[in-house]
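Some notes on the structure that comes next.
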Amino acid sequence: MNKINCIGILTSGGDSPGMNAAIRAVTRTALGRGFRVKGIYRGYDGLIHGDIKDFTSESVSNIIARGGTILKSARSKEFTTPEGRQQAYETMKAEGIDALVVIGGNGSLTGARIFADEFNVPCIGLPGTIDNDLYGTDLTIGYDTTLNTIVECVDKIRDTANSHERIFFVEVMGRDAGFLAQNSAIASGAEAAIIPEDSTDADQLEHFIGRGIRKSKNSSIVIVSESPKCGAMFYADRVKKEYPQYDVRVSILGHLQRGGSPSARDRILATRLGSGAIDAILDGQRNVMIGIRNDEVIYIPFADAIRSDKPMNLNLIKVLDELSI
0 MNKINCIGIL
10 TSGGDSPGMN
20 AAIRAVTRTA
30 LGRGFRVKGI
40 YRGYDGLIHG
50 DIKDFTSESV
60 SNIIARGGTI
70 LKSARSKEFT
80 TPEGRQQAYE
90 TMKAEGIDAL
100 VVIGGNGSLT
110 GARIFADEFN
120 VPCIGLPGTI
130 DNDLYGTDLT
140 IGYDTTLNTI
150 VECVDKIRDT
160 ANSHERIFFV
170 EVMGRDAGFL
180 AQNSAIASGA
190 EAAIIPEDST
200 DADQLEHFIG
210 RGIRKSKNSS
220 IVIVSESPKC
230 GAMFYADRVK
240 KEYPQYDVRV
250 SILGHLQRGG
260 SPSARDRILA
270 TRLGSGAIDA
280 ILDGQRNVMI
290 GIRNDEVIYI
300 PFADAIRSDK
310 PMNLNLIKVL
320 DELSI
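Each residue of the sequence shown is one higher than the one before, starting from 0 at the first, in numbering that gives the first Met the number 0.
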């Protein structure tokens, strides 16, 4: 393997709170260990088109508290083609970048894995996604902040639900993973969560809506993981048809979940993982994601990290069901 002198950093896919803390940690740890650092703007598109700048310690000053990503982000269609990846590799060589640190979610790390395999480029991934759906790591950068944002919103919605005796379906992000929906439901005292890991039919819908409204409560909140076919609107429409006597509302939280200053937990996580990325490069690791398990920084091969079956503790469903009476 060729000696690594210069490390490129990029953020890709959906932004998540804590990405800037990770950029800061990677940059300053790398500079402290004798590497040169280059920031790659707008994800893989920036790598293809040379939107790249030299980074110094000052480049990442005062960013740890900022949401979003100073490197910007994009979903690159070009990079999904062999020609696009070839151009990205040519740009890397021209810029003198020897290794990449990619901060992003499943799609971003999938792209890094393909790129690494095709061109023998050392790539290190950091789990930057609010969905917490990357396999092998207990937490992903941005998940904690987003969870707190959702709970804050649901607390406010509860005031209106109680005042008007309404049923609210609150849609949150997490298309293929219900970590946000399930845990925000527990934390906010919601009556139920509809998540991909727990298929919900009409009888279950009647069970948790009907029980709460009819017996002991004059309002209910149901947290729903986003879905093109079965999102909050879908379930709200069903309740309107089955229980027309109830006042039903939908609140789709949308992109406000991604924004805001990262929590202390996300700042610490991002910093530890960013530092761990440089440790991994010095250890000769390549094509791994840096994760956290049982409070220890670990290396997870890309092939494992991008699996789509990260397990959820299904006991959480029972806990929510028992507490929502």
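For every residue, glycine included, the Cβ atom is placed at its ideal position computed from N, Cα and C.
Own chain, CB closer than 6 angstroms to residue i, minus 5 neighbours either side, in chain order
i      : result
Arg285 : Pro121
Ala201 : Bear in mind that a pLDDT of 49 at Ala201, under 50, signals an unreliable position, so the number given afterwards is only what the model happens to contain. Excluding residues within five positions, none has a Cβ falling inside 6 angstroms.
Ala189 : Ile220, Ile222
Phe38  : Note that residue 38 corresponds to Gly in the displayed sequence, not to Phe. Correct list, in chain order: Ile8, Lys52, Phe54, Leu70.
Val247 : Ile166, Ala235, Val238, Lys239
Cys229 : none
Ala410 : Any answer about residue 410 is impossible in this case: the structure gives the chain only from 0 up to 324.
Pro81  : none
Gly258 : Gly66
Residue i vs residue j beta-carbon contact at 8 angstroms
i      : j      : result
Ser226 : Val171 : no
Ser11  : Gly31  : no
Gly66  : Ile102 : no
Leu322 : Ala191 : no
Phe54  : Thr28  : no
Ala376 : Lys317 : No statement about residue 376 is possible, as the shown extent of the chain runs from 0 to 324 and does not include it.
Thr270 : Ala64  : no
Leu108 : Leu272 : no
Thr90  : Leu133 : no
Asn1   : Arg35  : no
Gly311 : Phe178 : With the sequence shown as reference, residue 311 is identified as Met, and Gly is not the correct amino acid for it. Cβ atoms of Met311 and Phe178: closer than 8 angstroms.
Ser250 : Glu164 : no
Ile185 : Val100 : no
Ser187 : Asp154 : yes
Gly135 : Gly290 : yes
Val169 : Leu268 : no
Pro300 : Ala20  : no
Phe78  : Gly110 : yes
First and last residue of the uninterrupted beta strand (DSSP E) at residue i
i      : result
Thr10  : 5-10
Gly39  : Inspection of the sequence shows that residue 39 is occupied by Ile rather than by Gly. Looking at the DSSP string, the run of the beta strand (DSSP E) that includes Ile39 is 35-39.
Met288 : 287-292
Arg248 : 246-251
Ser325 : Any question about residue 325 goes unanswered here, given that the chain covers just 0 to 324.
Ile123 : 122-126
Ala191 : 191-193
Cβ neighbour criterion (16 or more within 10 Å) applied to residue i
i      : result
Ser162 : exposed
Gln85  : exposed
Leu315 : buried
Arg306 : exposed
Asn105 : buried
Ala263 : exposed
Arg292 : exposed
Gln244 : exposed
Ala302 : exposed
Ser75  : buried
Thr68  : buried
Arg174 : exposed
Ser72  : buried
Asp265 : buried
Asn119 : exposed
Asn61  : exposed
Asp44  : buried
Glu196 : buried
Residue range of the alpha helix (DSSP H) that includes residue i
i      : result
Ser162 : 142-163
Ser183 : 178-187
Lys92  : 81-94
Ala98  : First-last for Ala98: 98-103, but that is the beta strand (DSSP E), not the alpha helix (DSSP H).
Lys52  : Segment 51-54 is the beta strand (DSSP E) holding Lys52; no alpha helix (DSSP H) there.
Tyr298 : It is not in any alpha helix (DSSP H) - Tyr298 instead sits in the beta strand (DSSP E) that spans 295-300.
Ile267 : 263-281
Glu57  : Segment: none, Glu57 is in no alpha helix (DSSP H) and carries neither H nor E.
Arg257 : Element bounds for Arg257: n/a, residue is neither H nor E.
Cβ shell of residue i (< 7 angstroms), same chain only, five flanking positions each side left out
i      : result
Gln256 : Ile129, Thr145, Thr148, Ile149, Val171, Met172
Phe233 : none
Glu117 : Arg84
Ala279 : Ile123, Val287, Ile289, Tyr298
Arg281 : It should be pointed out that residue 281 corresponds to Leu in this sequence rather than to Arg. The residues are Arg32.
CB contact below 8 angstroms: residue i versus chain C
i     : result
Glu94 : The structure shown contains no chain C; it is built from a single protein chain.
Cβ-based neighbour list, residue i, same chain, cut-off 8 angstroms, excluding 5 preceding and 5 following
i      : result
Asn182 : Leu146, Leu315
Are at least three pairs of beta-carbons, each pair with one atom in the stretch 222-240 and one in the stretch 91-111, less than 8 angstroms apart? Verdict: no, contact absent.
Specify whether the stretch 16-36 and the stretch 132-146 touch according to this definition: at least 3 beta carbon pairs, one from each stretch, less than 8 angstroms apart. Yes, since at least three Cβ pairs between the stretch 16-36 and the stretch 132-146 fall closer than 8 angstroms, the two stretches touch.
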